[in-house]
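Novice: Residue numbers (this note's numbering), protein chains in the order written: chain A, 353 to 753; chain B, 6 to 299. Please see the structure below; I have some questions.
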């Protein structure tokens with residue numbers, strides 16, 4: 353029915369620097385496209401816009417005489433809305449690069465569009481590993497995380513500690529399907545069994561019916577292949593239905609800091625999951641995160657927001673090195689240059705577009721263990737960069753020869 | 006003979022019960038909408054926002070003043086109902102002479118403003134609200150584990166729904182109200198203050214939404230978007246039941262909760278569309294809705 357059409361164009365011209373002849377229309381224009389008002393807004397949303405601006409400032413665009421403009425829009429988790437915005441940005445508004453785009457469905461559409469237009473796409477929010485697999489593109493870099501990494505980080509750890517029968521609660525679109533598929537493969541490979549699955553529509557309020565089905569399956573582990581608000585509601589209602597007390601355990605396959613913050617430690621304690629960024633990992637991440645929080649209502653950055661920062665920073669370095677903002681060339685340059693940023697440390701981007709860095713198996717602290725605001729995670733294991741992501745040869749990406 | 010269409014009977018009972026619980030929320034909310042539409046002819050699009058404000062009010066009462074769930078159940082509807090009365094006096098009352106569309110636009114705009122401000126302040130992930138300790142835990146019914154709180158939701162909403170129906174359909178006050186909608190001038194001629202009655206009715210409808218919001222707070226997160234997600238479904242419930250029919254909205258609320266619950270078992274992917282499919286079918290067959298007279 354009547355649906356708000358929110359088109360926030362938060363525009364900021366950072367500098368009016370000396371025009372560079374090789375840049376299209378004399379500036380680098382970056383579009384942050386994500387969910388700004390619904391279930392994924394807290395994990396990316398306006399925070400991603402803040403992160404992109406920080407990256408442009410830290411890069412020192414003005415001092416280097418490069419003019420950077422950042423625009424933002426809400427794709428409402430709809431692939432058609434998302435591709436329309438992207439098309440208008442590329443064709444009319446002269447946007448050079450799109451960043452973030454949580455929601456794998458929208459991201460796959462933007463991925464194809466970006467390739468057709470020869471622009472650049474830095475995917476941070478979406479999870480599907482297909483972006484660097486079957487759907488890989490010379491115009492896309494996938495930052496932060498993906499479904500293969502989540503499945504292998506969390507799934508393997510749980511199966512190996514005895515959680516060998518699974519029931520999946522899956523968000524019914526590209527992301528949930530990919531996450532379920534990748535986790536199921538890990539479970540089976542490690543000798544576990546999948547007893548059943550149920551697929552729920554994205555942005556569901558009440559999970560009781562699905563949880564009851566999961567409960568009666570008698571599976572030891574209930575794998576939550578969903579994200580954002582859906583994960584929060586599943587975990588909260590699982591506690592209500594006595595699922596954990598009844599001996600089953602929950603595996604949050606994709607959990608963000610914003611979800612844990614919203615649930616509170618007494619509901620979230622003991623959850624185990626994999627992420628590649630946590631604000632309190634080391635001095636660099638702490639310094640970066642505190643600067644971010646000061647600009648964003650005191651909220652610490654999520655893995656996605658940190659990824660947007662790092663992705664934009666590396667993109668601008670490649671533009672500077674190349675003295676051009678031609679999408680295909682910049683992405684190639686990004687793969688050539690080693691990456692280095694305060695959020696993820698040193699890393700590199702593979703031929704298939706996958707940015708690799710270490711991943712961490714986290715456990716949510718008990719309320720008694722939390723000493724200061726946002727003190728939520730402890731590190732259970734560190735997965736080295738080369739093992740955290742799917743081996744390049746297994747991805748069926750045509751770019752890898 | 007212990008399965009129906011491949012689903013164990015026991016599991017089916019569980020799902021029916023869950024459907025009833027969700028139906029309680031639909032019934033409570035659509036009841037408020039039906040009262041407001043039936044008696045004021047206003048399509049109250051702010052209802053979802055008022056439901057959300059009820060939940061937030063409970064949250065503020067608990068964090069700022071240390072007032073627990075039970076008092077919130079009383080105080081939040083009064084507070085939000087009072088805000089509703091202010092809205093009615095200042096804005097809605099100026100639109101009664103105009104087309105329905107104006108009321109709809111006003112309330113829709115208000116809903117956007119309220120939700121936008123809460124989202125700006127509190128984000129979209131929601132805030133936890135503790136369950137009252139008396140109702141935590143649950144009973145093992147053999148075929149399912151029923152959380153005590155959910156049982157309370159069914160009972161409370163049934164009581165409120167039946168009481169509201171009784172007051173409007175069976176008491177003298179209710180008959181004044183119904184008469185005032187039919188012919189306000191005549192009722193006023195009998196010495197009854199019609200505008201005040203209408204204002205209080207709107208306040209009551211809003212209070213029902215806030216009550217549902219407090220009931221929902223411990224189950225769902227207290228979330229600025231909790232109303233947006235629900236309001237469209239609730240409108241469909243009201244349309245199916247027949248705009249303005251009190252009994253219609255109660256019966257359809259519970260009934261559609263059950264149907265939605267069963268869909269989640271047999272074809273979960275369709276669970277958020279099934280209500281609209283039913284709405285389309287009902288409107289083709291009975292444009293006035295199942296219980297509607299006009």
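For each residue, glycine too, the CB sits at the ideal point set by N, CA and C.
Flag residue 152/B as yes if its beta-carbon sits less than 9 Å from any beta-carbon of chain A, otherwise no.
Specialist: On the second chain, residue 152/B is found 147 positions in, with the first residue counted as 1. Yes, contact with chain A.
Novice: Taking C-beta pairs closer than 9 Å, name the residues in chain B that residue 551/A reaches, listed in chain order.
Specialist: Translated into positions along the first chain, residue 551/A becomes position 199. Simply 273, 274.
Novice: By Cβ distance, which residues of its chain are closer than 6 Å to residue 752/A, with the 5 residues on each side in sequence left out?
Specialist: If you number the first chain from 1, residue 752/A lands on position 400. The residues are 703, 704, 744.
Novice: Alpha carbons only, please: which of 450/A, 539/A, 527/A is nearest the one belonging to residue 481/A?
Specialist: Residue 481/A sits at position 129 when you count from the first residue of the first chain. Selected option, being the one with the closest Cα: 527/A.
Novice: Note the first and the last residue of the continuous alpha helix (DSSP H) segment covering residue 654/A.
Specialist: Within the first chain, numbered from 1, the residue matching residue 654/A stands at position 302. Where residue 654/A is concerned, there is no enclosing alpha helix (DSSP H), given that its DSSP letter is neither H nor E.
Novice: Within the continuous alpha helix (DSSP H) that includes residue 110/B, where are the two ends?
Specialist: In the second chain, residue 110/B corresponds to position 105, counting from 1. Counting along the chain, the alpha helix (DSSP H) containing residue 110/B begins and ends at 105 to 127.
Novice: For residue 222/B, which of helix, strand or coil comes out of DSSP?
Specialist: Along the second chain, one-based indexing puts residue 222/B at 217. Residue 222/B: coil per DSSP, three-state reduction.
Novice: So within the stretch 388 to 475 of chain A, which uninterrupted alpha helix (DSSP H) runs reach at least 4 residues, ignoring any that extend past its ends?
Specialist: Here the runs fully enclosed are 397 to 411, 431 to 443, 456 to 469.
Novice: Find out if the Cβ-Cβ distance for the pair residue 228/B, residue 129/B is shorter than 9 Å.
Specialist: Taking the first residue of the second chain as position 1, residue 228/B is located at position 223. Taking the first residue of the second chain as position 1, residue 129/B is located at position 124. Cβ atoms of residue 228/B and residue 129/B: closer than 9 Å.
Novice: When the distance is taken between beta carbons, is residue 44/B closer than 9 Å to residue 165/B?
Specialist: Within the second chain, residue 165/B is the residue found at index 160, counting from 1. Within the second chain, residue 44/B is the residue found at index 39, counting from 1. Cβ atoms of residue 165/B and residue 44/B: not closer than 9 Å.
Novice: Going by C-alpha distance, which of 591/A, 632/A, 638/A is nearest residue 621/A?
Specialist: Stepping through the first chain from its first residue, residue 621/A is reached at position 269. The option with the nearest alpha carbon to residue 621/A is 591/A.
Novice: Measuring only between beta-carbons, confirm whether residue 562/A sits less than 9 Å from chain B.
Specialist: The sequence position of residue 562/A within the first chain is 210, counting from 1. With 9 Å as the cut-off, residue 562/A counts as an interface residue toward chain B.
Novice: What would DSSP say about residue 672/A, mapped onto helix, strand or coil?
Specialist: What you label residue 672/A is simply residue 320 of the first chain in a count that begins at 1. Helix, per DSSP.
Novice: Run down chain B in chain order and give the residues with a C-beta less than 7 Å from the C-beta of residue 619/A.
Specialist: The residue given as residue 619/A occupies position 267 in the first chain. By Cβ distance, chain B contributes 133.
Novice: Taking Cβ to Cβ, would you say residue 254/B is nearer than 9 Å to residue 159/B?
Specialist: Within the second chain, numbered from 1, the residue matching residue 254/B stands at position 249. Within the second chain, numbered from 1, the residue matching residue 159/B stands at position 154. Contact: no.
Novice: Less than 9 Å separating the beta-carbons of residue 422/A and residue 404/A?
Specialist: Along the first chain, read from residue 1 onward, the residue named residue 422/A stands at position 70. Along the first chain, read from residue 1 onward, the residue named residue 404/A stands at position 52. Cβ distance < 9 Å, so residue 422/A and residue 404/A count as in contact.
Novice: Against chain A, with Cβ distances strictly below 9 Å, would residue 175/B count as a contact?
Specialist: In the second chain, counting from the first residue as 1, residue 175/B sits at position 170. Not one chain A Cβ lies under 9 Å of residue 175/B.
Novice: To the nearest whole angstrom, what separates the beta carbons of residue 461/A and residue 424/A, a pair I think is in contact under 8 Å?
Specialist: Position 109 of the first chain, counted from the start, is the residue given in the question as residue 461/A. Position 72 of the first chain, counted from the start, is the residue given in the question as residue 424/A. Wrong, their Cβ atoms sit about 18 Å apart, outside the cutoff.
Novice: Compare the C-beta of residue 468/A against all C-beta atoms of chain B and say whether one is closer than 9 Å.
Specialist: Mapped onto the first chain, residue 468/A falls at position 116. So, not an interface residue.
Novice: Which parts of the stretch 605 to 636 of chain A are runs of the alpha helix (DSSP H), unbroken and 4 residues or longer, counting only runs that do not cross its ends?
Specialist: Here the runs fully enclosed are 609 to 615, 617 to 620.
Novice: Could you tell me which residues DSSP puts in a beta bridge with residue 272/B?
Specialist: Your numbering for residue 272/B matches position 267 in the second chain. DSSP output for residue 272/B lists no bridge partner at all.
Novice: When you compare each of 387/A, 378/A, 401/A, 385/A to residue 647/A by their alpha carbons, which one comes out closest?
Specialist: For the purposes of this step, residue 647/A is taken as the residue at position 295 of the first chain. It is 401/A.
Novice: Considering just the uninterrupted stretch of the alpha helix (DSSP H) at residue 68/B, what are its terminal residues?
Specialist: As a working mapping, residue 68/B is identified with position 63 in the second chain. First-last of the alpha helix (DSSP H) with residue 68/B: 52 to 69.
Novice: Whole angstroms are fine: how far does the CA of residue 511/A sit from the CA of residue 459/A?
Specialist: In the first chain, counting from the first residue as 1, residue 459/A sits at position 107. In the first chain, counting from the first residue as 1, residue 511/A sits at position 159. Answer to the nearest angstrom: the Cα atoms are 30 Å apart.
Novice: Contact criterion: CB-CB distance below 9 Å. Does residue 27/B meet it with respect to chain A?
Specialist: Here residue 27/B refers to the residue found at position 22 of the second chain. So, interface residue.
Novice: Does DSSP classify residue 294/B as helix, strand or coil?
Specialist: Along the second chain, read from residue 1 onward, the residue named residue 294/B stands at position 289. Coil.
Novice: Can you name the residues of chain A whose CB is closer than 7 Å to the CB of residue 234/B?
Specialist: Indexing the second chain from 1 puts residue 234/B at position 229. 555, 557, listed in chain order.
Novice: Kindly indicate if chain A contains any beta-carbon less than 9 Å away from that of residue 163/B.
Specialist: Within the second chain, residue 163/B is the residue found at index 158, counting from 1. Judged by the 9 Å Cβ criterion, residue 163/B is not in contact with chain A.
Novice: Taking CB distances under 9 Å as the criterion, tell me whether residue 130/B reaches chain A.
Specialist: As a first step, residue 130/B must be located in the second chain, where it is residue number 125. Closer than 9 Å to some Cβ of chain A, the Cβ of residue 130/B qualifies, so yes.
Novice: Based on DSSP bridge pairs, tell me the residues matched to residue 706/A.
Specialist: Walking along the first chain from the start, residue 706/A turns up at place 354. Partner(s): 494/A.
Novice: Is there a Cβ from chain B that is less than 9 Å from the Cβ of residue 605/A?
Specialist: Counting from 1 along the first chain, the entry for residue 605/A is found at position 253. No, residue 605/A does not count as interfacial toward chain B.
Novice: Alpha carbon to alpha carbon, how far is residue 115/B from residue 61/B? Give it in angstroms, no decimals.
Specialist: Here residue 61/B refers to the residue found at position 56 when the second chain is read from its first residue. Here residue 115/B refers to the residue found at position 110 when the second chain is read from its first residue. Approximately 17 Å between the Cα atoms of the pair.
Novice: As a quick exercise: from 280/B, 251/B, 183/B, pick the residue whose alpha carbon is nearest that of residue 235/B.
Specialist: Stepping through the second chain from its first residue, residue 235/B is reached at position 230. With distances taken between Cα atoms, residue 235/B lies closest to 280/B.
Novice: Report yes or no: is there a C-beta of chain A within less than 9 Å of the C-beta of residue 319/B?
Specialist: Summary: the structure shown does not reach residue 319/B, with chain B confined to residues 6 through 299, and so no result is reported for it.
Novice: Could you give the DSSP three-state label for residue 747/A: helix, strand or coil?
Specialist: For this step, residue 747/A is matched to residue 395 along the first chain. If DSSP states are grouped into helix, strand and coil, residue 747/A belongs with coil.
Novice: Just confirm the distance between the C-beta atoms of residue 453/A and residue 477/A, as a whole number of angstroms; I'd bet it's less than 8 Å.
Specialist: Here residue 453/A refers to the residue found at position 101 when the first chain is read from its first residue. Here residue 477/A refers to the residue found at position 125 when the first chain is read from its first residue. At roughly 6 Å, the Cβ-Cβ gap stays under 8 Å, so residue 453/A and residue 477/A are in contact.
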